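When you read off a place in the sequence shown, starting at 1, and then add 53, the result is the number in our numbering.
Beta carbons are placed, not taken as given, at the ideal position from N, Cα and C, and that holds for glycine.
Being a predicted model, the structure only gives us computed values, none of them experimental.
Working notes, beginning with the structure itself.
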Amino acid sequence: MTLTCLETLGINSLKQGDRYFSVLTGNVCEMGQGDAFSAHSPIDGAVLSQFNNAVPEQLSSVASELQDAFKALRVIPAPRRGELVRRIGEEARKYKEELAQVISLEAGKILPEALGEVQEWIDVCDFAVGQSRMLHGLSIVSERPGHRMMEQWQPLGPVAVITAFNFPMAVWAWNAMLGLVCGDPILLKPSEKAPLCALAMYQIAQNVIADMPDIPKASVSVMIGGRDLGEAIASNPVFPLVSATGSTAMGKAVAQTVAARLGRSLLELGGNNAMIVSPTADLDLALRAIVFSAAGTAGQRCTTLRRLITHESVVDGLVERLVKSYSSLSIGNPMEEGNLVGPLIDEGSFGRMQASLAAAKEQGGEVVYGGERVTEGVPASGFYVKPAIVRIAHDAPIVQEETFAPILYVLTYSEFEDAIEIQNNVPQGLSSAVFTESMREAELFMSPAGSDCGIANVNIGTSGAEIGGAFGGEKETGGGRESGSDAWRNYMRRTTNTINYGGDLPLAQGIVFE
Numbered sequence: 054m055t056l057t058c059l060e061t062l063g064i065n066s067l068k069q070g071d072r073y074f075s076v077l078t079g080n081v082c083e084m085g086q087g088d089a090f091s092a093h094s095p096i097d098g099a100v101l102s103q104f105n106n107a108v109p110e111q112l113s114s115v116a117s118e119l120q121d122a123f124k125a126l127r128v129i130p131a132p133r134r135g136e137l138v139r140r141i142g143e144e145a146r147k148y149k150e151e152l153a154q155v156i157s158l159e160a161g162k163i164l165p166e167a168l169g170e171v172q173e174w175i176d177v178c179d180f181a182v183g184q185s186r187m188l189h190g191l192s193i194v195s196e197r198p199g200h201r202m203m204e205q206w207q208p209l210g211p212v213a214v215i216t217a218f219n220f221p222m223a224v225w226a227w228n229a230m231l232g233l234v235c236g237d238p239i240l241l242k243p244s245e246k247a248p249l250c251a252l253a254m255y256q257i258a259q260n261v262i263a264d265m266p267d268i269p270k271a272s273v274s275v276m277i278g279g280r281d282l283g284e285a286i287a288s289n290p291v292f293p294l295v296s297a298t299g300s301t302a303m304g305k306a307v308a309q310t311v312a313a314r315l316g317r318s319l320l321e322l323g324g325n326n327a328m329i330v331s332p333t334a335d336l337d338l339a340l341r342a343i344v345f346s347a348a349g350t351a352g353q354r355c356t357t358l359r360r361l362i363t364h365e366s367v368v369d370g371l372v373e374r375l376v377k378s379y380s381s382l383s384i385g386n387p388m389e390e391g392n393l394v395g396p397l398i399d400e401g402s403f404g405r406m407q408a409s410l411a412a413a414k415e416q417g418g419e420v421v422y423g424g425e426r427v428t429e430g431v432p433a434s435g436f437y438v439k440p441a442i443v444r445i446a447h448d449a450p451i452v453q454e455e456t457f458a459p460i461l462y463v464l465t466y467s468e469f470e471d472a473i474e475i476q477n478n479v480p481q482g483l484s485s486a487v488f489t490e491s492m493r494e495a496e497l498f499m500s501p502a503g504s505d506c507g508i509a510n511v512n513i514g515t516s517g518a519e520i521g522g523a524f525g526g527e528k529e530t531g532g533g534r535e536s537g538s539d540a541w542r543n544y545m546r547r548t549t550n551t552i553n554y555g556g557d558l559p560l561a562q563g564i565v566f567e
C-alpha cells in the first residue's frame with residue numbers, strides 16, 4: 054500500500070515521532086493527553102496512523118483561540134472571506150488525486166467515488182465563493198412614518214463540526230466552506246476512523262492561510278478525540294452551533310446537550326431510504342440506479358438505497374435482473390482500477406450486517422443473493438462482502454432499522470398510495486425516489502401527500518445529491534440542511550433593524566404614550 058500521498062500533502066509533518074498531533078489550531082500543534090489509539094485501513098487492516106486522544110481539558114485553550122479568531126474574522130469583508138475559500142478550493146483541486154487516495158485508504162471507497170468526494174469539496178467552494186457576495190437581508194416597509202426597517206445577517210461565532218467516517222471530507226466542506234464565508238471559525242472533530250482525512254483538510258487550509266496574513270490561523274482547527282471530547286464540545290457555550298453527522302443515537306445525545314444550553318444543533322443522521330418502482334417504470338434505467346444506490350460505497354452512505362418498494366407485477370423480473378447485476382459486481386481493493394465495491398469499514402460493521410441478515414430470516418425474509426464475506430482475491434484482513442438482496446414483508450421489524458451495510462430489502466405493493474405509505478412508515482426521512490412514467494404518480498410523490506423525506510427524486514436514485522440543493526432530512530434524520538440553497542443561514546444570526554429618520558417618535562400599533 055502506497056502512502057506517498059501523505060508525504061505529498063504534508064500530513065507527515067504534523068507529528069512527533071510516530072504519533073500525529075491531535076490538537077491543531079494553526080497557532081498550536083500538540084499531542085493529545087488521552088489514551089493512545091491507532092487508525093486502521095479497512096482495505097487490509099494495516100495501521101495507518103497513531104494518535105493520543107485529545108481530552109476535554111484541552112478544549113478550553115482551543116476555545117479561547119477560536120473566540121479570538123472570531124473577533125478578527127467577523128469584521129473581514131465577506132468577499133475577502135470568499136477569497137479564502139476560493140484559494141482553498143484551488144489548493145484542493147491541485148491535490149485532488151492525493152486527497153482521494155487518503156479517503157480510499159481510511160474509508161475504503163473506490164477511487165472514482167473518492168475523487169467524486171474531493172470534487173464535492175471543490176464544488177462547494179465555488180458555491181460558497183459566490184455566496185460570499187450574496188449574504189442578503191431584507192428591506193421591510195415600516196408602519197411608522199419617517200421609519201425604515203431592514204434585516205441583516207451577521208456572523209454567528211465559532212462552529213463545531215463533528216463528522217462520520219463515510220464522507221470525511223465532503224461533510225466538513227459543506228459546513229466549513231459556508232461557515233468561513235459567513236465569518237465563523239471552524240473546529241473539526243472527525244471520526245476516529247478517518248483522522249488523516251482531517252489532517253489533510255487542515256493542511257490544505259493552512260497552506261492557504263499562510264499566504265493570507267489577515268486571516269486568523271485558528272479559522273480552521275482540528276481536535277481528534279473520543280466521545281468525551283464530543284460531549285465537551287457540545288456542552289461548551291463558545292460554540293453557538295454544533296453540526297453533527299452520524300448515527301441517530303449520537304445525534305440525539307448531541308441535540309440534548311446543545312439544547313440544554315439553548316444552543317443550535319444542525320443534525321444529519323440516519324437514512325432508511327426507499328425507491329418505489331412503478332409498473333410504468335423504465336426498468337433499464339431503474340436497474341442502474343438501484344445497483345449504484347444500494348451497492349455503491351459498500352452500502353455505507355447515509356443516502357444508500359435500503360428498501361426497494363416494487364409493484365407486484367414487476368417484482369419477480371426485477372429481482373432476477375438485480376441478482377444477475379449483483380453477481381457481476383467486482384469486489385476488491387478500492388485502490389485498484391475496475392473494482393466497484395470496496396470493504397466495510399471494520400469488523401463491527403460486518404457483524405452488524407450479519408446480525409441484520411439473521412434477523413431478517415427469523416422474520417420471514419429470504420436472502421436471494423449475497424451477504425457472505427468475500428475471502429478470495431481480496432486482502433485477507435479486510436471485511437469485504439457480497440451486497441445482499443432480501444425479499445421480506447414491508448412490516449418486518451428489521452425493515453424499520455438502518456444497517457450501515459449493503460442490504461437491500463425488496464418489498465411489494467399493489468396500489469401506489471400504499472407504496473407511499475410503506476415508504477413513509479419508518480422513523481427516518483432522508484432520501485427517497487420513484488421510478489415511473491406516470492405524471493400523476495410523479496406529482497403525487499412530490500406533493501404534500503407524497504414522500505416525507507428531505508430528498509424526493511423522480512427517475513434517479515436515492516444517492517448522489519448535487520451541492521446546489523440543501524441536503525438533509527426529516528424525523529430521526531435530524532431536520533438539518535447543509536450545502537446549497539439557503540443553508541448558509543445556519544451559520545449566521547439575524548438582526549432586525551429599525552431606523553428613524555424623521556423628527557417624531559411614533560409608536561408601533563398606534564400606541565399613544567404621552
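Closest Cα partner of residue i within the set the options
i	options	result
I398	G391, E390, T350, R444	T350
L209	R186, R542, M202	R542
V367	A334, K149, M328, S346	A334
M328	A253, L461, P198	L461
G283	Q407, D97, P109	P109
S378	N386, H364, V394	V394
V138	Q111, D176, A167	D176
N326	S504, R341, A408	S504
M203	E567, G563, T548, I564	T548
A302	G323, P293, A285	G323
S485	I343, V565, E419	I343
A449	G418, E136, P559, G370	G418
E519	T356, D471, G563	T356
S102	P248, G199, Q205	P248
G401	S380, F457, V443, Q416	F457
L340	V376, E159, Q562, R354	V376
CB contact flag (residue i, residue j, <8 Å)
i	j	result
E425	K414	no
A107	V76	yes
V24	L119	A question about residue 24 goes unanswered here, because the residues of the chain that appear run from 54 up to 567.
G299	P459	no
G537	G517	no
P332	G161	no
F488	V330	yes
V115	A253	no
Q52	K528	Because the chain here runs from 54 to 567, residue 52 falls outside it and cannot be looked at.
I79	I262	Per the sequence shown, the amino acid found at residue 79 is Gly instead of Ile. In contact: G79 and I262 (Cβ atoms closer than 8 Å).
F345	G507	no
G533	L294	no
P132	S185	yes
DSSP three-state assignment for residue i, whether helix, strand or coil
i	result
E425	coil
V81	coil
M202	strand
G482	strand
I460	strand
N105	strand
P221	coil
N326	strand
F90	strand
F436	strand
R314	coil
I343	helix
S192	strand
Q207	strand
R72	strand
I398	coil
I239	strand
R444	strand
A334	coil
T61	helix
E415	helix
L393	coil
A449	coil
Unbroken stretches of the alpha helix (DSSP H), 4 residues or longer, contained in the region 252-307:
280-288
Pair every Cβ in the region 348-362 with every Cβ in the region 458-477, then say whether three or more of these pairs are closer than 8 Å.
yes
Inside the region 348-379 only - beta strand (DSSP E) runs reaching at least 3 residues:
358-364
Going residue by residue through the region 480-567, where are the continuous alpha helix (DSSP H) segments of at least 4 residues, counting only ones entirely within it?
Within the region 480-567, the complete alpha helix (DSSP H) runs of at least 4 residues are 492-499.
Kindly confirm or deny that the region 310-330 and the region 122-137 touch, where touching means at least three C-beta pairs closer than 8 Å.
The region 310-330, when compared against the region 122-137, does not touch it at the 8 Å Cβ threshold.
Per the contact definition of three or more C-beta pairs closer than 8 Å, is the region 228-245 in contact with the region 174-188?
In short, these stretches touch, since the Cβ pair count reaches three.
Count the CB pairs spanning the region 179-191 and the region 213-220 that are closer than 8 Å, and state whether there are at least three.
no
Uninterrupted alpha helix (DSSP H) stretches inside the region 128-189 (no shorter than 4 residues)
Listed in chain order, the alpha helix (DSSP H) elements of length 4 or more contained wholly in the region 128-189 are 131-147, 149-160, 164-184.
Does the pairing of the region 83-103 with the region 429-437 give three or more beta-carbon distances under 8 Å?
yes
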